[in-house]
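*Asks:*
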Amino acid sequence: MSYFDDTIAAISTPSGIGGIGIVRLSGKNAIGIADRIFTSPKDRTLKKTPSHKIIYGHIVNSNKEIVDEVLISIMRAPHTYTKENIVEINCHGGAVPLRRVLELALKNGARLARPGEFTQRAFINGRIDLAQAEAVLDAINSATEQSQKAAMEQLSGGLSNKINILRNKLVELTAFVEAHIDFPEEDMESPSLNDMQKRALKICGEITKLIEGSRHGMILREGLKTAIIGRPNVGKSSLLNALLEHDRAIVTELPGTTRDVIEEYLDLNGFPVRIMDTAGIREAKDVAEKEGVKRSLRAMKGADLVLLVLDGSEDLHNTDRELIERSALQNTILVINKTDRSQMIDLKNIGQETVKISALTGAGLDELRNKIIDVISDAGGGEASHSGLVTNIRHVHALEKALASMNS
Numbered sequence: 016m017s018y019f020d021d022t023i024a025a026i027s028t029p030s031g032i033g034g035i036g037i038v039r040l041s042g043k044n045a046i047g048i049a050d051r052i053f054t055s056p057k058d059r060t061l062k063k064t065p066s067h068k069i070i071y072g073h074i075v076n077s078n079k080e081i082v083d084e085v086l087i088s089i090m091r092a093p094h095t096y097t098k099e100n101i102v103e104i105n106c107h108g109g110a111v112p113l114r115r116v117l118e119l120a121l122k123n124g125a126r127l128a129r130p131g132e133f134t135q136r137a138f139i140n141g142r143i144d145l146a147q148a149e150a151v152l153d154a155i156n157s158a159t160e161q162s163q164k165a166a167m168e169q170l171s172g173g174l175s176n177k178i179n180i181l182r183n184k185l186v187e188l189t190a191f192v193e194a195h196i197d198f199p200e201e202d203m204e205s206p207s208l209n210d211m212q213k214r215a216l217k218i219c220g221e222i223t224k225l226i227e228g229s230r231h232g233m234i235l236r237e238g239l240k241t242a243i244i245g246r247p248n249v250g251k252s253s254l255l256n257a258l259l260e261h262d263r264a265i266v267t268e269l270p271g272t273t274r275d276v277i278e279e280y281l282d283l284n285g286f287p288v289r290i291m292d293t294a295g296i297r298e299a300k301d302v303a304e305k306e307g308v309k310r311s312l313r314a315m316k317g318a319d320l321v322l323l324v325l326d327g328s329e330d331l332h333n334t335d336r337e338l339i340e341r342s343a344l345q346n347t348i349l350v351i352n353k354t355d356r357s358q359m360i361d362l363k364n365i366g367q368e369t370v371k372i373s374a375l376t377g378a379g380l381d382e383l384r385n386k387i388i389d390v391i392s393d394a395g396g397g398e399a400s401h402s403g404l405v406t407n408i409r410h411v412h413a414l415e416k417a418l419a420s421m422n423s
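In structure tokens:
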């Protein structure tokens, strides 16, 4: 059943030039509208075409002039994405053919779809729930294999199934509690008050587990926020370029070359990493550099992981020691750079994990990549943990409210 009376249409493929482009229609009149602008060599009509079949033909205008050669997919309600009749017109992928076909659909009774309206109809018509609808965008925006797997797990109902099980347990428990209150003297086959308390605590534990798992899910959805921090000229920008395997940041011998935070996405074995190169931290000499240092410290504070870069060819500076102390309460890897030179650094009594690398030669970078992946895995972002992951801040807030209500 559809709750909408009109038919919507939109170009469903990205803008630009490609081999194929798709104009999609959804609504009770989708097939009829498409039929009015379509002709086939054997005069076959779309109204008589069975569901989930493809038919070849041409889109024509009111003068019966051919606009484009197409393949049309017919999908009849309710077995479609929106649970409405859907028509997908597979055109040539240039901007002009797609625009002309869409204009003909609009002239013949369709309305231009708003952004996200096909998914909105899928949600309102009961094809997907809200968590699944949110996962559609996550699947589209996923930058790595693991983030895409997490999105598809949610889109397939993994999180919804867990929430529904919890909801059913709560409804059952509420019924038992109300029965005990309303009919205290009745001999009913129901759990004792002690058993009900145990059930409530178990439900609280399951909600807590979902909340704790949200950090893992957020990493897979948004990427592990990783800040490269250090003094000027220790090789921060060189490290960024080496990890990305291309020159993204300017590298010079002059201190203060990087003035702002440079952010890039890195794919590490399918895991997303938001890696940030920052301005060198020192006593700034001008307003622009002072602002750069402020942004560096802000990026450091908000990071899931800090890569604190030290120059292995020099003794520890006071700034190095201050940064080591400042980062002690965060997830931090001390990256000893410039191992291709004679080593002067002394890290006795530091007590933090170190990785020795050369951003110039690439030595030690594989070990560093593995250490970053370990941080994600330790956070629960491993492949086996995708089922029922909470990846959305809205879901976290809803679960926190539920837990607070249970504990009150």
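For my numbering, add 15 to where a residue sits in the sequence shown, where the first one is 1. Where a beta carbon is used, it is the ideal one built from N, C-alpha and C, also for glycine.
Taking only the alpha-carbon atoms, compute the straight-line gap between threonine 159 and threonine 189 and give it to the nearest angstrom.
*Replies:* Taking the sequence shown and counting its residues from 1, one reaches residue 159 at position 144. Taking the sequence shown and counting its residues from 1, one reaches residue 189 at position 174. If you take the alpha carbons of threonine 159 and threonine 189, they lie about 42 Å apart.
*Asks:* I need the boundaries of the beta strand (DSSP E) containing aspartate 444, first residue and last residue.
*Replies:* For the chain, the structure presents residues 16 to 423; residue 444 sits outside this window and is missing.
*Asks:* Under 8 Å, do serine 373 and glycine 366 count as touching if we go by C-beta distance?
*Replies:* As a working note, residue 373 is residue 358 in the sequence shown. As a working note, residue 366 is residue 351 in the sequence shown. In this structure, glycine 366 does not lie closer than 8 Å to serine 373 by Cβ.
*Asks:* Could I get the ranges of all uninterrupted alpha helix (DSSP H) runs contained in the stretch 349-395, with 4 residues as the minimum, in chain order?
*Replies:* Segments of the alpha helix (DSSP H) lying fully in the stretch 349-395: 380-393.
*Asks:* Below 8 Å between beta carbons: does that hold for alanine 45 and valine 82?
*Replies:* Translated into the one-based positions of the sequence shown, residue 45 becomes position 30. Translated into the one-based positions of the sequence shown, residue 82 becomes position 67. No, Cβ-Cβ distance for alanine 45 and valine 82 is not below 8 Å.
*Asks:* Based on the DSSP output, what are the partners of histidine 412 in its beta bridges?
*Replies:* The residue labelled residue 412 in the question sits at position 397 within the sequence shown. DSSP, once it has assigned bridges, lists no residue as partnering histidine 412.
*Asks:* By a C-beta neighbour count over all protein chains shown, 10 Å radius and 16 as the cutoff for buried, is valine 111 buried or exposed?
*Replies:* In the sequence shown, residue 111 corresponds to position 96, counting from 1. Exposed, since its Cβ has fewer than 16 Cβ neighbours within 10 Å.
*Asks:* On the criterion of 16 or more Cβ atoms from any shown chain inside 10 Å, does methionine 315 qualify as buried, or is it exposed?
*Replies:* The residue labelled residue 315 in the question sits at position 300 within the sequence shown. Methionine 315 comes out buried.
*Asks:* Quick one: give me the first and last residue of the beta strand (DSSP E) that glutamate 84 is part of.
*Replies:* If you number the sequence shown from 1, residue 84 lands on position 69. Residues 81-90.
*Asks:* Determine the DSSP secondary structure at leucine 493, reduced to helix, strand or coil.
*Replies:* Residue numbering for the chain in the displayed model covers 16 to 423; residue 493 lies beyond these limits and cannot be assessed.
*Asks:* Reducing DSSP to helix, strand and coil, say where threonine 406 ends up.
*Replies:* Here residue 406 refers to the residue found at position 391 of the sequence shown. Looking at threonine 406 - three-state DSSP - the assignment turns out to be coil, as it is neither helix nor strand.
*Asks:* Express the C-alpha separation of serine 66 and glycine 238 in angstroms, rounding to a whole number.
*Replies:* Residue numbering aside, residue 238 sits at position 223 when the sequence shown is read from its first letter. Residue numbering aside, residue 66 sits at position 51 when the sequence shown is read from its first letter. Cα-Cα distance, rounded: 41 Å.
*Asks:* Taking buried to mean at least 16 other C-beta atoms within 10 Å of its own C-beta, is glutamate 398 buried or exposed?
*Replies:* In the sequence shown, the residue the question calls residue 398 occupies position 383. For glutamate 398, the predicted model reports a pLDDT of 45, less than 50, meaning its position is unreliable and no value from the coordinates is stated.
*Asks:* Among Asp50, Leu323, His73 and Ser420, whose alpha-carbon lies nearest the alpha-carbon of lysine 63?
*Replies:* Position 48 of the sequence shown, counted from the start, is the residue given in the question as residue 63. Among Asp50, Leu323, His73 and Ser420, the Cα nearest to that of lysine 63 is on Asp50.
*Asks:* From aspartate 292 to glycine 232, what distance separates their C-alpha atoms?
*Replies:* Taking the first residue of the sequence shown as position 1, residue 292 is located at position 277. Taking the first residue of the sequence shown as position 1, residue 232 is located at position 217. Each residue's alpha carbon lies about 24 Å from the other.
*Asks:* Is the stretch 250-264 in contact with the stretch 334-345, if contact means three or more CB pairs nearer than 8 Å?
*Replies:* At 8 Å Cβ cutoff, the stretches do not touch.
*Asks:* 8 Å is my cut-off, CB to CB: does lysine 57 come that close to chain D?
*Replies:* Of the protein chains in the structure, only one exists, and it is not chain D.
*Asks:* Name the one or two DSSP bridge partners that leucine 283 has.
*Replies:* Counted from its first residue, the sequence shown places residue 283 at position 268. Answer by DSSP bridge pairing, in chain order: Phe286.
*Asks:* What did DSSP end up calling threonine 189 once you bin it into helix, strand or coil?
*Replies:* Start at 1 with the first residue of the sequence shown, and residue 189 comes out as number 174. Residue state, collapsed to three classes: helix.
*Asks:* Which residue from Ile290, Val350, Ile23 and Leu383 puts its Cα closest to that of leucine 121?
*Replies:* Working through the sequence shown from its first residue, we reach residue 121 at position 106. Residue Ile23 is the option with its Cα nearest to leucine 121.
*Asks:* Using beta-carbon positions only, say whether arginine 136 and glutamate 99 come within less than 8 Å of one another.
*Replies:* Taking the sequence shown and counting its residues from 1, one reaches residue 136 at position 121. Taking the sequence shown and counting its residues from 1, one reaches residue 99 at position 84. In contact: arginine 136 and glutamate 99 (Cβ atoms closer than 8 Å).
*Asks:* Using the beta-carbon count (16 or more within 10 Å), is threonine 376 buried or exposed?
*Replies:* As a working note, residue 376 is residue 361 in the sequence shown. By the 10 Å Cβ count, threonine 376 comes out exposed.
*Asks:* Which term fits aspartate 301, buried or exposed, when burial requires 16 or more other beta carbons within 10 angstroms of its beta carbon?
*Replies:* Numbered from 1 along the sequence shown, position 286 holds the residue referred to as residue 301. Flag for aspartate 301 reads exposed.
*Asks:* Look up asparagine 156 in the DSSP assignment and give the residues it is bridged to.
*Replies:* One-based indexing of the sequence shown puts residue 156 at position 141. Looking at the DSSP assignment, asparagine 156 forms no beta bridge with any residue, so it has no partner.
*Asks:* Using 10 angstroms around the beta-carbon of glycine 403, count the other beta-carbons present and answer buried if the total reaches 16, otherwise exposed.
*Replies:* Here residue 403 refers to the residue found at position 388 when the sequence shown is read from its first residue. Glycine 403 comes out buried.
*Asks:* For the candidate residues Ala215, Lys68, Asn156 and Phe198, whose alpha-carbon lies nearest to that of arginine 182?
*Replies:* Position 167 of the sequence shown, counting from 1, holds the residue named residue 182. Cα-wise, what sits closest to arginine 182 is Ala215.
*Asks:* In the stretch 33-86, which residue ranges form an unbroken alpha helix (DSSP H) of at least 4 residues, counting only runs that do not cross its ends?
*Replies:* Entirely contained in the stretch 33-86, the alpha helix (DSSP H) runs reaching 4 residues are, in chain order, 45-51.
*Asks:* Helix, strand or coil for leucine 331 per DSSP?
*Replies:* Counted from its first residue, the sequence shown places residue 331 at position 316. DSSP places leucine 331 in coil when its eight states are reduced to three.
*Asks:* Please identify the residue among Thr334, Asn385, Ile296 and Ile290 whose C-alpha is closest to the C-alpha of glycine 317.
*Replies:* On the sequence shown, residue 317 is found 302 positions in, with the first residue counted as 1. Nearest option by C-alpha distance: Ile290.
*Asks:* For the structure I just gave you, are there three or more beta carbon pairs, one from the stretch 414-423 and one from the stretch 214-230, closer than 8 Å?
*Replies:* Contact between the stretch 414-423 and the stretch 214-230 is present, because at least three Cβ pairs lie under 8 Å.
*Asks:* Alpha carbon to alpha carbon, how far is threonine 406 from threonine 241?
*Replies:* Taking the sequence shown and counting its residues from 1, the one referred to as residue 406 is at position 391. Taking the sequence shown and counting its residues from 1, the one referred to as residue 241 is at position 226. Their backbone Cα atoms lie some 18 Å apart in a straight line.
*Asks:* Just tell me which of Asn140, Ala419, Val390 and His410 has its CA closest to the CA of isoleucine 178.
*Replies:* Translated into the one-based positions of the sequence shown, residue 178 becomes position 163. Considering only alpha carbons, the answer is His410.
*Asks:* With 16 other CB atoms within 10 Å as the buried threshold, where does phenylalanine 286 fall?
*Replies:* Residue mapping note: residue 286 aligns to position 271 of the sequence shown, counting from 1. The residue is buried, with at least 16 neighbouring Cβ atoms inside 10 Å.
*Asks:* Do isoleucine 87 and glycine 72 have their beta-carbon atoms positioned less than 8 Å apart in this structure?
*Replies:* The sequence position of residue 72 within the sequence shown is 57, counting from 1. The sequence position of residue 87 within the sequence shown is 72, counting from 1. Closer than 8 Å, so yes.
*Asks:* Quick one: what's valine 102 bridged to in DSSP?
*Replies:* To locate residue 102, count along the sequence shown from 1; it is residue 87. Its beta-bridge partners are Leu40 and Ile89.
*Asks:* I'd like to check one pair, aspartate 275 with alanine 294: are the Cβ atoms closer than 8 Å?
*Replies:* Position 279 of the sequence shown, counted from the first residue, corresponds to residue 294. Position 260 of the sequence shown, counted from the first residue, corresponds to residue 275. Their beta carbons are under 8 Å apart, which means alanine 294 touches aspartate 275 by this criterion.
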